[in-house]
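Just so you know, my numbering puts the end of the sequence shown at 217, numbered straight through with nothing missing.
No residue lacks a Cβ here, since even glycine has one placed at the ideal position from N, Cα and C.
No experiment lies behind these values; they were computed from the predicted model shown.
Take a look at the structure set out below.
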Amino acid sequence: MPKHDSQKKDAKAATDNADHTDNAMEIALMGERGALRLLAKQDADIAAAIATYGTPPDRTMAQGFTTLIRIIIGQQISRSAATSVWQRLVAAQLDNASQITAAGVMTLKANGLSKQKAEYIHGIANAVTSGALDLPALAGMQGDEAARILTALRGVGDWTADNYRLFALLDMNAWPYNDLALQEGMKILKSLNSRPDAKVMQAMAEAWQPYRGAGA
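What follows is the structure, given as structure tokens:
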């Protein structure tokens with residue numbers, strides 16, 4: 002069996018073993034065939050980072066509508082600002098698809114969302130409530146297929162899809178290459194003089210497949 006095919010099976014096994022319990026990310030990363038454990042064997046910088054700083058915290062997010070819209074809310078704003086907007090929506094009982102569908106775009110906008118994000122989230126809520134979008138089904142799909150379905154949604158680009166795949170679906174090959182914090186992390190990890198752009202990020206992580214998400 003080709004090495005790359007074997008690695009893909011190892012990465013898939015690590016993900017399949019992660020059942021979204023409290024330690025799901027830890028299992029996927031550092032279990033017996035965990036993606037980060039395997040990645041560290043082929044990248045000395047990753048191994049050194051683990052030895053120095055330990056394993057990353059579990060950042061698993063629940064699969065489904067709430068996580069997807071929270072990622073959309075977080076597009077191009079700080080984490081604290083995104084949390085504040087989300088708390089306003091929760092307080093207004095605008096935190097599930099049926100409520101958001103009934104409320105409409107202007108109500109969402111009145112509760113802290115930009116008009117554009119309100120339109121995105123309302124559209125996705127409509128797709129969920131109508132049955133046109135089956136988010137639970139993504140868990141059983143290959144990463145590329147899940148990404149194709151997600152990015153077909155208005156308001157969902159690669160960054161949003163990759164973050165959903167990585168933190169909700171535990172897809173250990175998802176790679177949010179255009180994430181500024183991740184770019185800064187790669188600059189530090191690889192001792193670069195400047196922060197790598199999206200194109201360089203994709204090239205740098207090519208050798209990490211199918212464990213790129215573990216490196217994130």
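Cβ shell of PRO197 (< 7 angstroms), same chain only, five flanking positions each side left out | Cβ within range, chain order: GLN184, MET187, LYS188 and MET205.
Provide the residue span of the alpha helix (DSSP H) that contains GLN117, from first to last.
-> First-last of the alpha helix (DSSP H) with GLN117: 116-131.
Would you grab the beta carbon distance between TRP160 and ASN174 for me? Rounded to a whole angstrom, and I think it's under 8 angstroms.
-> Contact doesn't hold; Cβ gap of about 16 angstroms is too wide.
Simplified DSSP state of ASP46, which is helix, strand or coil | In this structure, ASP46 counts as helix in the three-state DSSP scheme.
So, helix, strand or coil for ALA15, using DSSP?
-> Residue placement at ALA15 is flagged as unreliable, the pLDDT there being 41, under the threshold of 50; the coordinate-derived value follows with that caveat. It is helical.
Which residues in the same chain have their Cβ closer than 8 angstroms to the Cβ of PRO137, if we skip the five residues on either side of it in sequence?
-> The answer, listed in chain order, is GLN64 and GLY65.
Cβ of ILE73 within 8 angstroms of Cβ of GLY156?
-> The beta carbons of ILE73 and GLY156 sit closer together than 8 angstroms.
Let me know if LEU167 comes out buried or exposed under the rule of 16 or more other beta-carbons within 10 Å of its beta-carbon.
-> Flag for LEU167 reads buried.
Exposure label - PRO211; buried when at least 16 CB within 10 Å | Classification for PRO211: buried.
Within the segment 33-113, ranges of the beta strand (DSSP E) (whole runs, at least 3 residues) | The qualifying runs do not exist here; there are none.
Cα-Cα separation, THR53 to GLU207 = In a straight line, the C-alpha of THR53 is about 24 angstroms away from that of GLU207.
Nearest CA to the CA of TYR165: which residue from LEU139, GLU120, THR84 and SER115?
-> With distances taken between Cα atoms, TYR165 lies closest to LEU139.
Buried or exposed by the 16-neighbour rule on C-beta atoms within 10 Å, applied to GLY158 | Exposed: under 16 other Cβ atoms inside 10 Å.
Quick one: measure Cβ to Cβ for ASP96 and LEU190, integer angstroms, because I've assumed they're closer than 8 angstroms.
-> In fact, because the Cβ distance is near 36 angstroms, the residues do not count as touching under 8 angstroms.
In the structure shown, what three-state DSSP assignment does GLN210 receive?
-> Here GLN210 sits in coil by DSSP.
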